[in-house]
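Asker: Okay, handing you the structure first.
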Amino acid sequence: MNRRDLLAFIAAATGTALIGAPAARAYDETSIGENLFSPEDAAFLNDVAEVILPETETPGARAADVGGFMTVYVSDCYTGAQQERFRESLATLRGWSEDVYGKPFGALSASEQTAMIEDIARLARIETEKGATPHWFTPIHQLTLFGFFTSELGANEVLRYEPVPGEYIGDLDYDGGPAWAT
């Protein structure tokens, strides 16, 4: 599966709605600064994210430290219940690797890691299509995409960056016509 197909699949499977987004509104007061996850959790999330967005001719999720982003985002923007569910998702993901393959996720071959993530994503898509609550893996998928494409690396080396509204021209001749509105 190539990156484009995977992104299309993830968008379809997750309904493109970011889990936890309501908790990240600018006017909601949150406590920030204390990361509730260990460096090992961030490394594990980087491994998983790299399977979702692998390095190809462009950098992958690990290069953007998406795992580190996820731990900070969940710690600072998720409610206590959402944080607990995310922690349970990590435990479930680690357990899946142990139960199905008999070894930790990091010890799996690249093809085993890909097969595992594809199997879980397929189950998430099926549950989503049934109208059930979001699958436990959905936030990990969504935060991987969100973290990567909003990172400096993702925005500048993978996406085409277009500054908005454009360059600053401070001394423009005004002809008396209507002003611009955007």
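Residue numbering for the sequence shown is -26 to -1, 1 to 156, as defined by mature numbering (1 follows the signal peptide of the UniProt record, and there is no 0).
Heads up, the beta-carbon is just placed ideally off N, CA and C, and yes, glycines get one too.
Excluding the five sequence neighbours on either side, which residues of its own chain have a C-beta within less than 8 Å of the C-beta of V46, listed in chain order?
Answerer: The residues are N9.
Asker: Which residues mark the beginning and the end of the alpha helix (DSSP H) in which E14 is found?
Answerer: Unbroken alpha helix (DSSP H) run through E14: P13 to I26.
Asker: Using the beta-carbon count (16 or more within 10 Å), is T53 buried or exposed?
Answerer: Looking at its Cβ environment, which holds fewer than 16 other Cβ atoms inside 10 Å, T53 is exposed.
Asker: I need the straight-line Cα distance from D145 to L119, nearest angstrom please.
Answerer: Each residue's alpha carbon lies about 40 Å from the other.
Asker: Measure the Cβ-Cβ separation of A35 and A23 and say whether it is below 7 Å.
Answerer: Yes, Cβ-Cβ distance for A35 and A23 is below 7 Å.
Asker: Taking only three categories from DSSP, how would you classify I91?
Answerer: If DSSP states are grouped into helix, strand and coil, I91 belongs with the helices.
Asker: Indicate the three-state DSSP secondary structure (helix, strand or coil) for D73 in the structure shown.
Answerer: Three-state DSSP puts D73 in a helix.
Asker: For the alpha helix (DSSP H) containing Y47, name the first residue and the last one.
Answerer: Start and end: V40 to C51.
Asker: If I follow the unbroken alpha helix (DSSP H) through G121, where does it start and stop?
Answerer: T112 to F123 is the extent of the alpha helix (DSSP H) around G121.
Asker: Please state whether DSSP places D149 in a helix, a strand or coil.
Answerer: Here D149 sits in coil by DSSP.
Asker: Pick from L117, P33 and S49: whose alpha carbon is nearest that of E131?
Answerer: Here the closest residue by C-alpha is P33.
Asker: Leaving out the 5 sequence neighbours to the left and right, which residues in its chain are closer than 8 Å to L82 when beta-carbon positions are compared?
Answerer: Counting only Cβ-Cβ distances below 8 Å, and skipping sequence neighbours, we find S71, Y75 and M90.
Asker: For M44, which residues from the same chain have a beta carbon less than 7 Å from its beta carbon, with the 5 sequence-adjacent residues on both sides left out?
Answerer: So the qualifying residues of the chain are L19, L117 and G121.
Asker: Beta carbon of G42, beta carbon of A16: below 7 Å?
Answerer: Yes, they are a contact pair.
Asker: Quick one: Cα of E101 to Cα of P28, how far?
Answerer: If I take the Cα positions, the gap works out to 25 Å.
Asker: On a Cα-Cα basis, can you pick out the residue from D73, L127, G80 and E141 that is closest to D39?
Answerer: Taking only the C-alpha atoms, the option nearest D39 is L127.
Asker: Have a look at residue 178 and D149 and give me their C-alpha separation to the nearest angstrom.
Answerer: In the structure displayed, the chain extends from -26 to 156; residue 178 sits before or after that span and is not available.
Asker: For a quick check, are the C-beta atoms of F60 and P108 less than 7 Å apart?
Answerer: Not a contact, by the Cβ cut-off of 7 Å.
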